[in-house]
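FYI, the numbering for the sequence shown is 1 to 129, going by full-length UniProt numbering.
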Amino acid sequence: MSDRKIEWALVQMIVSRTPVLPDWVRECAKIGYEAIVSLPVVDDVEAGELARPGLELRSVSSDYLEFLREQIDLNARGEEWTAILQRRLKALEPFEGQPVLTVMFHRKPESLTLRIDPRSETILGYEEY
Numbered sequence: 001m002s003d004r005k006i007e008w009a010l011v012q013m014i015v016s017r018t019p020v021l022p023d024w025v026r027e028c029a030k031i032g033y034e035a036i037v038s039l040p041v042v043d044d045v046e047a048g049e050l051a052r053p054g055l056e057l058r059s060v061s062s063d064y065l066e067f068l069r070e071q072i073d074l075n076a077r078g079e080e081w082t083a084i085l086q087r088r089l090k091a092l093e094p095f096e097g098q099p100v101l102t103v104m105f106h107r108k109p110e111s112l113t114l115r116i117d118p119r120s121e122t123i124l125g126y127e128e129y
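Right under this line is the structure:
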């Protein structure tokens, strides 16, 4: 089984046991890996349609955490965005140097980004746009 398939299976398990996530995200997570990768990219879907989720497994870098701190200090996009960045920073700081799985779900015009600790199989946080 490929790494992406394993990651998607982890996402499916975690989303299925997380009732606070929107129904459309929970429905998307029920889709099998082969079907999910055949969905169109977000730029190619119409309003209300699901797009292919993005999956990214990366270590949380000190540079990224510093970038978040700088953006918070600048408050360039307003209080609401700054609050999102503050929550993200708080969730990610304990994971500096460790892998985090980020999943980007899209159903135009909605998006949800979910961050998962793959070792403990827990949600670190999510952001809805």
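We put the CB at the ideal spot given by N, CA and C, even for glycine.
One thing to note: arginine 88 has its Cβ within 9 Å of the Cβ of leucine 68.
Its chain contains Val60 as the residues whose beta carbon lies nearer than 6 Å to that of leucine 92, once the 5 sequence neighbours on both sides are disregarded; these appear in chain order. Straight across, the Cα-Cα distance linking isoleucine 123 with threonine 113 is about 11 Å. Beta-bridge partners of serine 61 (DSSP): none assigned. Annotation for glutamine 71: Leu85 place their beta carbon closer than 6 Å to its own, counting only its chain and skipping 5 residues before and after. When only Cα atoms are considered, tyrosine 33 and valine 25 end up about 15 Å apart. The C-beta separation of glutamate 49 from lysine 108 comes to about 6 Å, placing the pair in contact by the 8 Å criterion. Scanning its chain for C-beta atoms nearer than 8 Å, with the 5 sequence neighbours on each side dropped, one finds around methionine 13 the residues Glu121, in chain order. With respect to the C-alpha of valine 42, the residue from Glu127, Leu10, Lys5, Glu110 having the closest C-alpha is Glu110. Under the three-state reduction of DSSP, alanine 9 is assigned to helix. Residue environment analysis places leucine 74 among the exposed positions, since fewer than 16 neighbouring C-beta atoms fall within 10 angstroms of its C-beta. DSSP lists no bridge partner for proline 118. DSSP, reduced to helix, strand and coil, places valine 100 within a strand of the structure shown.
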